[in-house]
Amino acid sequence: MISVNDGNIQMDKDGNIPLIASIDVGTTSSRVIFFNKQGQEVAKHQIEYSTSASTQKYAVHGSRRQSIKDQTKMANPEKDKPVFTSEGIAIKENEYLTIEEFHGANEGPTLKFPKPGWVECNPMNVLVNVVQCLGTTYELLDNLNNDRAQNNLPLYRVDCVGVANMRETTIVWSKKTGMPIVDYGIVWNDTRTLDLVKRKKKETEKEKRLRMKDKTGLSVFSTYFSCSKLVWLLENEPEVKKAYEAGDLMFGTVDTWLIYHLTASNAFVSDVTNASRTGFMNLDTRDYDDELVEFWGIDRNKINFPKIVSSAEYYGDLSIPKLFKSQVPGHIWELLLKYTEGEFQVPIQGCLGDQSASLVGQMAFKPGAAKCTYGTGCFLLYNTGCKKLISKHGALTTFSYWFPYLEEKENPEYGAPHFALEGSVAVAGAVVQWLRDNLRLIPKAEDVGPIANSVPDSGGVVFVPAFSGLFAPYWDPEARGTIMGMSQYTTASHIARAAVEAVCFQARAILLAMSNDAMGEAEKDSTFKTEISEEGSYQKSLLSTLAVDGGMSRSDEVMQIQADILGPCVKVRRSPTAECTALGAAVAANMAYERPQDRVLWRDLQDAKNWIFYEGMTKSEYQAKETKQNLKIFRSQSTDEDRHKHWIQWEAAVKRSKGWLKDVEGEHPVVA
162 MISVNDGNIQ
172 MDKDGNIPLI
182 ASIDVGTTSS
192 RVIFFNKQGQ
202 EVAKHQIEYS
212 TSASTQKYAV
222 HGSRRQSIKD
232 QTKMANPEKD
242 KPVFTSEGIA
252 IKENEYLTIE
262 EFHGANEGPT
272 LKFPKPGWVE
282 CNPMNVLVNV
292 VQCLGTTYEL
302 LDNLNNDRAQ
312 NNLPLYRVDC
322 VGVANMRETT
332 IVWSKKTGMP
342 IVDYGIVWND
352 TRTLDLVKRK
362 KKETEKEKRL
372 RMKDKTGLSV
382 FSTYFSCSKL
392 VWLLENEPEV
402 KKAYEAGDLM
412 FGTVDTWLIY
422 HLTASNAFVS
432 DVTNASRTGF
442 MNLDTRDYDD
452 ELVEFWGIDR
462 NKINFPKIVS
472 SAEYYGDLSI
482 PKLFKSQVPG
492 HIWELLLKYT
502 EGEFQVPIQG
512 CLGDQSASLV
522 GQMAFKPGAA
532 KCTYGTGCFL
542 LYNTGCKKLI
552 SKHGALTTFS
562 YWFPYLEEKE
572 NPEYGAPHFA
582 LEGSVAVAGA
592 VVQWLRDNLR
602 LIPKAEDVGP
612 IANSVPDSGG
622 VVFVPAFSGL
632 FAPYWDPEAR
642 GTIMGMSQYT
652 TASHIARAAV
662 EAVCFQARAI
672 LLAMSNDAMG
682 EAEKDSTFKT
692 EISEEGSYQK
702 SLLSTLAVDG
712 GMSRSDEVMQ
722 IQADILGPCV
732 KVRRSPTAEC
742 TALGAAVAAN
752 MAYERPQDRV
762 LWRDLQDAKN
772 WIFYEGMTKS
782 EYQAKETKQN
792 LKIFRSQSTD
802 EDRHKHWIQW
812 EAAVKRSKGW
822 LKDVEGEHPV
832 VA
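Numbered per my numbering, the sequence shown spans residues 162 to 833.
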């Protein structure tokens, strides 16, 4: 059973302890978590997806239509065999986690990789998994409440629901039927549109490219965003084209797909953090832009775009479509009906794209706050407040959140849309996976911290893990992985440390690029205050804390290396909550109540931070405590000389790894 502390938590007017539910759909799993006022997980369930690759390696038996308790009773010779998450962490089934099984020819896995570079998800499977997670989490809550009733303790009650989701993933469905027109959605990291975007970029003059970037904040000539994915579907799927010509085509990202099917009113909406990643939305107007839509050859009269809304407002009441009745056990279905109808009916009223949700879940609310999520890759967001900064140093511009009902006398922009600069590192947890599976240097991913920490430094070794090119801020698809500086002194520990340092150096490079953008704005706008330092321009900005979450952040050794590489002006802060993305969606749902007194858990963002980080106290009160267990802070222990030397080595190695494919595949004179 999950351990929570209900002390100091206030009850609602009916004598119940209020909770907020989060539906969090990631690239490789779905989860539902019920959070309390302290940001603790009271009940949760997760389904780790099967894929067209993993189902060939792992056969997880049992039926998705059975409860977790029933599944664990089945004879299952594969039950104890672990599978690996996208971060390379071994997981097994338990009371709170199910590994999705493959159903055979008629029911494929949730994730498919039909061709090199192609990544698809099954939209209906995503919905089924969410419904099962929701039902199983309510089952856990119901069991908890039965125990609490027997012990005369107040009961838990879910008051509202928030949604967090992987961004850019593109789904199309029929307005008439609500069903997918093709049985797959194109996932954010799919690269099938590479030729399409190359062609569009070549046809577009530089002035127009710059104008499009200013409107969207994105490098739209990328396979990353939804716009090219939609065009590909129109050009390659006859049924999609037919629906488009008939005006029956509905387009949306995962947030839209979920909210449409999980609200009684079939709300057709997308919040700004997701809509801003489509390539169709103008950041200034927060609406679809005619020039952007027409640029991709799309007629707005023939397609149904979701309404763009804020991240915290009422979208509709939670409702489970009857078509899923056969997908869950009967008692789970009855619980879902009990907790989504009548007196228990709850609204869906919060929505954030996953990286924005992580920023909110990390409580990085102030301009200059930054967060880094260490997953398969790294995603860094740098909060620029209400300032839309278009990066000149390789970062993207996106919305971090928009909570319109928040008010603060000292800050009239408190409830206005907030922006962020975003940078991504292609390889983070994936390099740990590579060390384990390809080089066999470590038996499990969790061992990378201790082995890296077993040596004081990398012994002169620099590892640039550009397995498929370099992302921000270098942006070189022709770079490839290199390990430099090896000698007979080099050991496996040095290589492991160099791999960890590579992730941390790339995080520093992105923060440097983002801060250079902020510094440039500071020269024009006095509202950007700075603290002058000789350490580097990223330490001249407002940035003083890097909030971290994700798989690699769980290692104290890795986070100390990150702090050493960043230097003394930036501390690394690990959140007390492992599920920051889901928590961010809960915060969004809480802030959707117009009146502060109606907000079920937290009055405002500062109140949320006090409860989640400081056990309900102010920061100064918490710091005065003798024992502080809620936050883990890492500060630099490196010297200026060592930090400067290692950074020069890193930059030199990056320079030598860039353009590798161009150099080796280009024409060279024949040597006699």
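Just so it is clear, CB atoms sit at the ideal spot from N, CA and C, and this is done for glycine as well.
**Asked** Which two residues bound the contiguous alpha helix (DSSP H) that contains Trp349?
**Response** No alpha helix (DSSP H) holds Trp349; DSSP gives it neither H nor E.
**Asked** Using 8 Å as the threshold, is the region 323-332 in touch with the region 740-749, meaning 3 or more CB pairs across them?
**Response** With a cut-off of 8 Å, the region 740-749 and the region 323-332 count as touching, because enough Cβ pairs lie within range.
**Message:** DSSP has Gln523 in a bridge; who is on the other side?
**Reply:** DSSP output for Gln523 lists no bridge partner at all.
**Asked** What do you get for Val292, buried or exposed, if any count of 16 or more other CB atoms within 10 angstroms of its CB means buried?
**Response** Buried: at least 16 other Cβ atoms inside 10 Å.
**Prompt:** I think Leu762 touches Ile181, with their Cβ atoms under 8 Å apart; what is that distance to the nearest whole Å?
**Reply:** By a beta-carbon distance limit of 8 Å, Leu762 contacts Ile181. Their separation comes to about 6 Å.
**Request:** Within 10 angstroms of the Cβ of Thr559, are there 16 or more other Cβ atoms? Answer buried if so, exposed if not.
**Result:** Answer is buried; the Cβ neighbour count reaches 16.
**Message:** Restricting to Cα atoms, I'd like to know which of Ile656, Glu639, Ser797, Ile603 is closest to Leu822.
**Reply:** Answer by Cα proximity: Glu639.
**Prompt:** Apart from the five residues just before and just after Arg226, which ones in its own chain have a Cβ nearer than 8 Å to its Cβ?
**Reply:** Summary for Arg226: the model assigns pLDDT 33, below 50, so the residue's position carries little reliability; its value from the coordinates is reported in the next sentence. In chain order, Ser487, Gln488, Val489, Pro490 place their CB closer than 8 Å to the CB of Arg226, counting only its own chain and leaving out the 5 sequence neighbours on each side.
**Asked** Is it a yes or a no for the region 433-450 touching the region 527-534, going by three-plus beta-carbon pairs under 8 Å?
**Response** With the cut-off at 8 Å, the region 433-450 and the region 527-534 do not touch.
**Prompt:** How big is the Cα-Cα spacing for Trp595 and Val661?
**Reply:** Their backbone Cα atoms lie some 12 Å apart in a straight line.
**Request:** Check whether the region 566-573 touches the region 385-398, taking contact to mean three or more Cβ pairs, one atom from each stretch, closer than 8 Å.
**Result:** Fewer than three pairs of CB atoms, one per stretch, sit closer than 8 Å, so the region 566-573 makes no contact with the region 385-398.
**Prompt:** Going by the CB atoms, is the gap between Leu479 and Ile509 shorter than 7 Å?
**Reply:** Contact: yes.
**Prompt:** With 16 other CB atoms within 10 Å as the buried threshold, where does Ser224 fall?
**Reply:** A caution first: Ser224 carries a pLDDT of 34, below 50, which makes its placement in the model too unreliable to give a value.
**Request:** Please report the residue range of the beta strand (DSSP E) in which Gln201 lies.
**Result:** Annotation: Gln201 is outside any beta strand (DSSP E) and is labelled neither H nor E by DSSP.
**Request:** Give, in chain order, every unbroken run of the alpha helix (DSSP H) that is at least 4 residues long and sits entirely within the region 380-441.
**Result:** DSSP runs (the alpha helix (DSSP H)) wholly in the region 380-441: 387-397, 399-406, 415-423, 433-436.
**Request:** Would you kindly report the start and end of the unbroken alpha helix (DSSP H) that includes Asp303?
**Result:** Residues 284-311.
**Prompt:** Looking at the structure shown, is Cys730 part of a helix, part of a strand, or coil, going by DSSP?
**Reply:** Coil.
**Prompt:** Val592 to Lys549, Cα distance in whole Å?
**Reply:** Approximately 33 Å, taken between the alpha carbons.
**Message:** Considering just the uninterrupted stretch of the alpha helix (DSSP H) at Pro611, what are its terminal residues?
**Reply:** Annotation: the continuous alpha helix (DSSP H) that includes Pro611 extends over 609-614.
**Request:** Report the residue from Ala589, Ile644, Arg601, Ala653 whose alpha carbon sits nearest the alpha carbon of Val616.
**Result:** Checked all of Ala589, Ile644, Arg601, Ala653; the closest Cα to Val616 is Ala653.
**Prompt:** Identify the residues that DSSP records as bridge partners of Ala708: which are they?
**Reply:** Lys532, Arg734.
**Prompt:** Do you know whose CA, among Thr297, Leu295, Tyr317, Cys294, lies nearest Leu305's CA?
**Reply:** Looking only at Thr297, Leu295, Tyr317, Cys294, the smallest Cα-Cα distance to Leu305 is reached by Tyr317.
**Request:** Kindly indicate the opening and closing residues of the beta strand (DSSP E) around Val193.
**Result:** Per DSSP, the unbroken beta strand (DSSP E) holding Val193 starts and ends at 190-196.
**Request:** Would you mind working out which of Lys361, Leu453, Arg353 sits nearest Arg372, comparing C-alpha positions?
**Result:** Taking Arg372 as reference, the option from Lys361, Leu453, Arg353 with the minimal CA-CA separation is Leu453.
**Prompt:** Helix, strand or coil: which one does DSSP assign to Asn544?
**Reply:** Asn544: strand per DSSP, three-state reduction.
**Message:** Report the CB separation of Ala581 from Leu542 in whole angstroms; it is logged as a contact under 8 Å.
**Reply:** Between the beta-carbon of Ala581 and that of Leu542 there is about 4 Å, and that keeps the pair under the 8 Å contact cut.
**Request:** Please list, in chain order, all residues of the same chain as Asp818 whose beta carbon is under 6 Å from its beta carbon, the five residues on each side excluded.
**Result:** In the sequence as presented, Asp is not what sits at residue 818; that position holds Ser. The beta carbon of Ser818 sits closer than 6 Å to those of Val625, Ala627, Ala640, Thr643, all from its chain and outside the five residues before and after it, given in chain order.
**Message:** By the DSSP assignment, the alpha helix (DSSP H) with Val593 in it spans what residues?
**Reply:** From DSSP, the alpha helix (DSSP H) with Val593 extends over 590-598.
**Prompt:** Between which two residues does the beta strand (DSSP E) carrying Gln784 extend?
**Reply:** Membership of Gln784 in any beta strand (DSSP E) is not indicated; the residue belongs instead to the alpha helix (DSSP H) covering 780-784.
**Asked** By how many angstroms is the C-alpha of Glu366 removed from the C-alpha of Phe429?
**Response** Cα to Cα, the separation comes out at about 35 Å.
**Item:** Between the CA atoms of Asn599 and Gly477 - distance to the nearest angstrom
**Value:** The alpha-carbon of Gly477 is positioned some 48 Å away from that of Asn599.
**Request:** State the CB to CB distance for the pair Ile184 and Leu419, rounded to an integer number of angstroms; the pair is presumed to be in contact (CB under 8 Å).
**Result:** With a Cβ gap of about 7 Å, Ile184 and Leu419 count as contacting.
**Request:** Below 6 Å CB to CB, which residues in the same chain sit around Gln207 once its five sequence neighbours on both sides are set aside?
**Result:** Scanning its chain for C-beta atoms nearer than 6 Å, with the 5 sequence neighbours on each side dropped, one finds around Gln207 the residues Ser190, Arg192, Leu258, in chain order.
**Message:** Bridge partners for Trp279 per DSSP, in chain order?
**Reply:** Answer by DSSP bridge pairing: none, since Trp279 is not bridged.
**Asked** Going by beta carbon distance, what residues of the same chain come within less than 7 Å of Ser387, once the five residues before and after it are set aside?
**Response** So the qualifying residues of the chain are Glu329, Thr331, Thr414, Arg438, Thr439, Gly440.
**Prompt:** Helix or strand or just coil, what does DSSP make of Glu828?
**Reply:** Because the pLDDT of Glu828 is 47, which lies under 50, any placement of that residue in the model is unreliable, and the number read from its coordinates should be weighed accordingly. Per DSSP, reduced to three states, the secondary structure at Glu828 is coil, with no helix or strand assignment.
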